[in-house]
Each structure stands twice: as C-alpha cells, then as structure tokens.
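Take 0 as the starting number for the sequence shown in numbering that gives the first Met the number 0 and just add one per residue.
Every residue, glycine too, gets a C-beta built ideally from N, C-alpha and C.
Each remark here refers to the structure printed beneath this line.
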Amino acid sequence: MNQSESMEMSQQFASDNYSGICPEAWHSMEAANQGHVTSYGDDPWTTKASDAFRELFETECEVYFVFNGTAANSLALASLCQSYHGVICCDQSHVETDECGAPEFFSNGSKLLVAQSSDGKLSPQVIHELATKRNDIHYPKPRAVTLTQATETGRVYSLTELGAISAECKKHGLSLHMDGARFANACASLQCTPAEVTWKSGVDVLCFGGTKNGMAVGEAVLFFDRKLAADFDYRCKQAGQLASKMRFLSAPWVGMLESGAWIRNALHANSCAQYFAGKIAGIPEVRVAGPVEANAVFLDAPEALLNRIRERGWKFYTFIGGAARIMFSWDTDLARVDAFCNDLRECSVEVQKNS
Ligand SMILES: *Cc1c(COP(=O)(O)O)cnc(C)c1O
C-alpha cells in the first residue's frame, strides 16, 4: 500500500470541501511554480487573475485574494461598516453560525442583526423590519445586508429576488454584500452571467469561493462599488490575510476562469444533486426537504435510519435544522452516489422490519 492509499477515504458527501484540487487549478499552480516572481501580489499571476475576474464580470471591479471564506466575509463586511453599525443577515447564515464572531471582531464591533427565516433566505420584508425596528441612538445603526448565494440551505436567490432585496437596501441606505462560497453553483443553477447575479442586481461586494469550487484554498473579494475597497489591502495585511507568495493564491483562479472549470465544476456538482434527489424518490421514510437548487440535498429521515446509514460508514451533517445534508462537489463520482442510494434503500427496509 502506498502512502496516498493509506491516507485517503472513499468519497463522502458530508461537505463539498472534502474534495481535492481540480486539474485546472492544479496545473495553474504548477505553471506558477517556475522561478522567481515579485511577492505580495505584485506579480504577473495576480494581475492576470484580477483581469480574468474583470473580464468574467464585465466590469472594472477591484479584486483581492484571501485564504478563506471567513476572512473574506469578515473583512468585506468590516469595509462597509463603522464599529457602531449593524449588518442584517439570516439566522442560518455562515457569518452568524460558523465564523466564531469574526465579522464582529474584524469590524471592531459591528453587530449582526439576525433575521429569522424558515428557508435560509432573506426577503425585502425582513430587511425592512430590521432596518426600521429602531432609529434611536441606543441601537446599532443598520448599514449593510449580507446574503448567501447559493444559501447554506441549498437554495438560490432568483434575479427577481435579488433585485427586490437590493431595491430595499437602497431605500434604507444599506450596502449589499454577497457571501458566494458557492457562487459558481448559484450561477450554474440560474444559468445567468456572474454580472447579472451580482452588480447588475445591485450587489456591492462579492466573496467568490474558490475552495469549494475545486481549488486548494482561496477566495476572491470583488468590490463592484470601488470606493468601498479603500484601504482593503491594509485590512488584509493586518488580519494576516496578505499572502507573501500571492501567486499561489491567484494562479489557480487563472486556470479556473480561463478554462471555464469554475462553471463546469459547479454544473457537475449541481447535476449530481439532481441525480441523487431523483434516485432516492420513493424510498420509504426518506423525504427530500425543500427544493434542490444547487449542490446540496437535505433529507428528512428517522433518527434510527440515519444512525444505521452512519454505521455503514457514511458521513454527513445534521446541523442545519436536523435534516441530513448531502453535498456534491466537482469530482463527485456517480457510482459512489449509487452506492449511497442503495445503502439508504437497504437501511430503510431494515429499519422498517425492526419497527
Ligand atoms: C464554506 C463557507 C464559507 C467559508 O468558510 P471558511 O471555512 O472560512 O473558508 C463561507 N460561507 C459559506 C456559506 C460557506 O459554506
């Protein structure tokens, strides 16, 4: 057994970050690994990647590269706010549930104003409610809205929904930030251009996720309202997010964007989710919870059945509303999806017999 065989496990569907690096990102990393170039982003790969973003988004946006999504979101939100401001977000959003207070920390105290939601989405109504709830000096002043596209619940905002949200933001003088850890999956689902899903729909700042899209590491922060990017490089540096060998954060994007891998990877992951949802239809006691719009499928199933499927070696999370989250990535193997479906079916029969 060689070393890599002993280290890897069979494909799992617990998260899209269980996957490795796609060939396009890998080849660009390799190509960037030639000789010496200048450091801290003053290099040809970083210029090329930034230009590739401007071409893809059809606009002269400001582009920055950071290591992960928590930093991208937190620093982007910090650049929209003063410490006494508030950021409207959804109760199921990553910034609220999974960033360990980083948005508040990096903004020196801007408070997340959390909207309750049944489906993980914000609406103009809840934004209106939170933006107008208080206007006295004792409450943080609402200044920004953050939404996730595609959402943590596997949903996608339509262009109509985005337009309505951005109109509401404008009414209240709120900037609009998009957490796009799965932005590519949203574009693939909507079959819309990145420009349509962002600045043409009123988004001011996008955090475009590379990691879950097939890169080793790295997210890009795109400012469509370029004034908001003032001193963003200093924020990145202070937060420990300025890569000295920046070319290795930026080069993979060149491969992803120029080859179209970013959208191909997302289309594949999304279609695996559709395939899976279709394939498990009719399994007793297993129900797909909510519409499947991106690369996640949520399953409602009895605890006994979920335990049994775990005993067969399958991994998945149930941290969002109790449903089992099944996620697909750029390299999902349909044979492995079939194996999971068969185990689900068999376990469902076993559980029914025992009850
Ligand atoms: C994965 C993810 C992020 C980024 O998380 P990091 O672990 O900090 O890279 C951000 N937002 C959402 C919705 C995510 O799923």
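Quick test of your reading: Ser109 and Val125, contact by CB under 8 Å. State the CB separation rounded to the nearest angstrom.
Contact annotation, Ser109 with Val125: C-beta distance approximately 19 Å; criterion of less than 8 Å not satisfied.
Taking 7 Å as the cut-off, is the beta-carbon of Asp232 closer than that to any non-hydrogen atom of ligand 1?
Asp232 has its CB no nearer than 7 Å to any heavy atom of ligand 1.
For Leu158 versus Leu189, is the C-beta distance shorter than 8 Å?
The answer is yes: Cβ separation under 8 Å.
I'd like to know if the segment 50 to 57 and the segment 284 to 294 are in contact, where contact means that at least 3 CB-CB pairs between them fall below 8 Å.
Contact fails between the segment 50 to 57 and the segment 284 to 294, because fewer than three Cβ pairs, one in each stretch, are under 8 Å apart.
Within 10 Å of its beta-carbon, does Gln240 have 16 or more other beta-carbons around it, so buried, or fewer, so exposed?
In summary, Gln240 is buried, with 16 or more beta-carbon neighbours lying within 10 Å of its beta-carbon over all protein chains present.
Cβ of Glu23 within 7 Å of any heavy atom in ligand 1?
Glu23: no, Cβ never under 7 Å from ligand 1.
Can you check the segment 183 to 258 for any alpha helix (DSSP H) of at least 4 residues that lies completely inside it and give the ranges in chain order?
You should have 193 to 196, 231 to 237, 246 to 258.
Please classify Tyr379 as buried or exposed, where buried requires at least 16 other C-beta atoms within 10 Å of its C-beta.
Any answer about residue 379 is impossible in this case: the structure gives the chain only from 0 up to 354.
Use the C-beta contact count for Cys99: other C-beta atoms within 10 angstroms, 16 or more gives buried, fewer gives exposed.
Exposed: under 16 other Cβ atoms inside 10 Å.
Kindly provide the ranges of any beta strand (DSSP E) runs that are 3 or more residues long and lie completely inside the segment 16 to 92, ordered along the chain.
Entirely contained in the segment 16 to 92, the beta strand (DSSP E) runs reaching 3 residues are, in chain order, 61 to 65, 84 to 89.
Among all the DSSP beta bridges, which residues are the ones paired with Gly179?
As computed with DSSP, Gly179 is found in a beta bridge with Phe207.
Span of the beta strand (DSSP E) around Phe297:
Counting along the chain, the beta strand (DSSP E) containing Phe297 begins and ends at 295 to 299.
Whole-angstrom C-beta distance between Asn72 and Asp178, which should lie under 8 Å:
That pair is a contact at about 5 Å.
Opening and closing residue of the alpha helix (DSSP H) in which Thr159 lies:
Its alpha helix (DSSP H) spans residues 158 to 170.
Any idea if Asn16 is buried or exposed, counting beta-carbon neighbours within 10 angstroms, 16 or more meaning buried?
By the neighbour-count rule (16 or more Cβ atoms within 10 Å), Asn16 is not buried but exposed.
Tell me, which residues are paired with Arg286 by DSSP?
Looking at the DSSP output, Arg286 shares a beta bridge with Asp299.
Since I believe Phe231 is in contact with Ala219 (beta carbons under 8 Å), could you give me their beta-carbon distance rounded to a whole number of angstroms?
The Cβ separation is near 12 Å, so there is no contact.
Please list the terminal residues of the continuous beta strand (DSSP E) segment that includes Thr369.
Missing from the structure shown is residue 369; the chain here goes from 0 to 354 and no further.
Pop quiz: Phe176 and Val204 are said to be a contact at Cβ under 8 Å. What is the actual Cβ separation, rounded to whole angstroms?
A small correction: the amino acid at residue 176 is His; Phe does not occupy that position in the sequence shown. Cβ-Cβ separation between His176 and Val204: approximately 5 Å, consistent with a contact (criterion under 8 Å).
Could you work out which residue in Pro141, Gln148, Ala194, Ala229 is closest to Lys169 when comparing CA atoms only?
The candidate whose alpha carbon is nearest that of Lys169 is Pro141.
Among Glu160, Lys120, His84, nearest to His137 - alpha-carbon criterion:
Residue His84 holds the alpha-carbon nearest to the alpha-carbon of His137 among Glu160, Lys120, His84.
Within the same chain, show all residues whose beta-carbon is closer than 8 Å to that of Phe223, passing over the 5 residues directly before and after it, in chain order.
Cβ neighbours of Phe223 beyond the five flanking positions: Phe56, Thr58, Cys60, Thr197, Trp198, Val202, Asp203, Val204, Leu205.
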